[in-house]
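Numbering (the working numbering), first residue to last: 12 to 127. Input: a single structure, listed below in structure tokens.
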């Protein structure tokens, strides 16, 4: 699920996707996928692309918040919660630091996508 979302994000120009295994710390989900875009429009486009890719696999979000603002879109797919941030907001909220004790999930993505 995180793999599908990460690939869709990359295809829309998503930057630095990181998946964290939070299941041992949060009972509501197993994985946080965090990715960012450079503008509000791009954040919305990334979120829409992720949603489309998940729907193609028969997975619909339980909840989607923040799309109107385009700064931080949260999509809850039950086992995976996707956070699509504007780059500035990602740095400000720094979820990777907050959840630093959680192991990273390996994402099988093209090398170039990780260097953006």
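Glycine residues also receive a C-beta, built at the ideal position from the N, C-alpha and C atoms. Keep in mind that this is a model prediction, so the values were computed, not measured.
{"Check": "Cβ shell of residue 107 (< 8 Å), same chain only, five flanking positions each side left out", "Outcome": "29, 31, 45"}
{"Check": "Residue burial classification, residue 50 (beta-carbon count within 10 angstroms, cutoff 16)", "Outcome": "exposed"}
{"Check": "Rounded C-alpha distance that separates residue 100 from residue 64", "Outcome": "24 Å"}
{"Check": "Proximal residues to residue 73 (C-beta, below 8 Å), its chain only, five neighbours per side dropped", "Outcome": "87, 88, 89"}
{"Check": "Extent of the continuous beta strand (DSSP E) run through residue 47", "Outcome": "42 to 48"}
{"Check": "Residue from 121, 48, 42 with nearest C-alpha to residue 114", "Outcome": "42"}
{"Check": "Burial state of residue 23, where buried means 16 or more other Cβ atoms lie within 10 Å", "Outcome": "buried"}
{"Check": "Three-way DSSP call (helix, strand, coil) for residue 52 in this model", "Outcome": "helix"}
{"Check": "Inter-residue Cα distance where the pair is residue 18 and residue 120", "Outcome": "7 Å"}
{"Check": "The alpha helix (DSSP H) enclosing residue 74, as first and last residue numbers", "Outcome": "Careful: residue 74 lies outside any alpha helix (DSSP H), inside the beta strand (DSSP E) at 74 to 76."}
{"Check": "Local Cβ density within 10 Å of residue 33, reported as buried at 16 or more and exposed below that", "Outcome": "buried"}
{"Check": "Residue span of the beta strand (DSSP E) that contains residue 94, given as start and end", "Outcome": "91 to 97"}
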